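Peer 1: I am attaching a structure below and will ask some questions about it afterwards.
In full-length UniProt numbering, the protein residues as written are 1 to 286.
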């Protein structure tokens with residue numbers, strides 16, 4: 001199953017470049033505050049499971065190239081990012097699923113491999129990560145849970161949901177007695193949508209790999225990445241204790257949807273690009 005995030009037919013190059021300009025400005029302004037921006041662009045699920053599309057649905061050549069188009073736009077703007085599509089392609093070649101069948105979210109295998117790759121990039125960019133060695137989060141054991149995926153649960157009537165069936169989610173909870181990853185001081189902060197919540201494994205694996213605490217703020221996909229970033233930058237947590245590294249997670253299908261994308265983000269998240277830029281500058285004291 002697939003969420004109707006974006007067109008399977010068209011790629012809006014102008015919209016992609018407009019989003020890139022905002023991201024590049026954020027990178028520059030964060031750097032002026034001593035914060036390294038690590039953009040994490042996750043690839044579209046459909047690119048790995050095109051054979052599971054409903055009958056008659058196909059993906060255009062431009063959409064198949066959309067992730068690489070976005071990477072090219074970012075590179076031209078001086079924003080170097082992890083090629084997560086290549087990483088996921090390698091996982092699929094090894095026989096591992098990267099997204100759940102009836103859910104929009106990534107698997108533990110994809111989340112943890114991405115966390116390791118982002119941790120390696122952080123260590124290259126920041127040779128001396130602040131904090132105490134050994135303070136990363138120990139990983140708990142893998143467990144398996146049977147439930148309906150969110151796409152089946154939210155969008156299908158009972159009969160169709162029963163036909164799709166439950167699937168097995170592999171999760172790795174943090175060791176008991178450890179605090180949640182949403183408060184406190186940390187040299188690394190993650191902001192994004194529900195992909196980066198602890199349930200799917202990314203933040204705790206990142207903490208384990210960086211060997212430092214990691215904090216997180218996330219919202220559901222209808223809030224959009226622009227408002228979620230501002231939520232953190234305008235918070236007391238950022239003001240009082242800015243991180244060395246800010247991991248900002250975005251999703252390929254909605255990359256070209258700017259902060260003004262009515263009908264995609266909820267009403268409270270809608271703003272013009274100029275309003276977003278003004279709030280960014282104010283939050284960073286610039």
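Here a beta-carbon is modelled for each residue, glycine too, at the ideal position from N, C-alpha and C.
Nothing here was measured: the structure is a model prediction, and the numbers come from that model.
What is the residue span of the alpha helix (DSSP H) that residue 236 lies within?
Peer 2: Taken as a continuous stretch (DSSP letters only), the alpha helix (DSSP H) holding residue 236 covers 236 to 240.
Peer 1: Can we say the stretch 72 to 87 touches the stretch 39 to 50, given the rule of at least three CB pairs closer than 8 Å?
Peer 2: A contact exists between the stretch 72 to 87 and the stretch 39 to 50.
Peer 1: Go ahead and pull the three-state DSSP assignment for residue 250.
Peer 2: Residue 250: strand per DSSP, three-state reduction.
Peer 1: Could you check the C-alpha separation between residue 172 and residue 263 for me, to the nearest Å?
Peer 2: In a straight line, the C-alpha of residue 172 is about 35 Å away from that of residue 263.
Peer 1: Would you tell me roughly how many angstroms separate the C-alpha atoms of residue 180 and residue 204, rounded to the nearest one?
Peer 2: Residue placement at residue 180 is poorly supported in this model, since its pLDDT is 44, which falls under 50; the coordinates still yield a value, given next. Between residue 180 and residue 204, the C-alpha separation is close to 10 Å.
Peer 1: Contact between the stretch 129 to 147 and the stretch 200 to 214: three or more CB pairs below 8 Å?
Peer 2: The stretch 129 to 147 vs the stretch 200 to 214: in contact.
Peer 1: Indicate the three-state DSSP secondary structure (helix, strand or coil) for residue 48 in the structure shown.
Peer 2: Reduced to three states, the DSSP call for residue 48 is coil.
Peer 1: The alpha helix (DSSP H) spanning residue 208 covers which residue range?
Peer 2: Taken as a continuous stretch (DSSP letters only), the alpha helix (DSSP H) holding residue 208 covers 202 to 210.
Peer 1: Residue 276 bridges to which residues according to DSSP?
Peer 2: Bridge partners of residue 276: none, in fact.
Peer 1: In terms of residues, what are the limits of the alpha helix (DSSP H) holding residue 315?
Peer 2: For residue 315 there is no data in the structure shown, the boundaries of the chain being 1 and 286.
Peer 1: Are there 16 or more other CB atoms within 10 angstroms of the CB of residue 145, so buried, or fewer, so exposed?
Peer 2: Result: exposed.
Peer 1: Determine the extent of the beta strand (DSSP E) in which residue 63 is found, giving its start and end residues.
Peer 2: That residue, residue 63, is in no beta strand (DSSP E); its alpha helix (DSSP H) goes 61 to 64.
Peer 1: When you compare only the Cα positions, how much space is there between residue 190 and residue 232?
Peer 2: Whole-angstrom Cα-Cα distance: 9 Å.
Peer 1: Return the CA-CA distance between residue 193 and residue 116, expressed in angstroms with no decimal places.
Peer 2: When rounded, the distance between both Cα atoms is 19 Å.
Peer 1: May I ask you to report which of helix, strand or coil DSSP gives residue 79?
Peer 2: Reduced to three states, the DSSP call for residue 79 is coil.
Peer 1: Quick one: residues in its chain with C-beta nearer than 8 Å to the C-beta of residue 18, no 5 flanking neighbours on either side, listed in chain order?
Peer 2: Cβ within range, chain order: 256, 258 and 273.
Peer 1: Please report the straight-line C-alpha distance between residue 13 and residue 140, rounded to a whole angstrom.
Peer 2: The alpha-carbon atoms of residue 13 and residue 140 are separated by roughly 43 Å.
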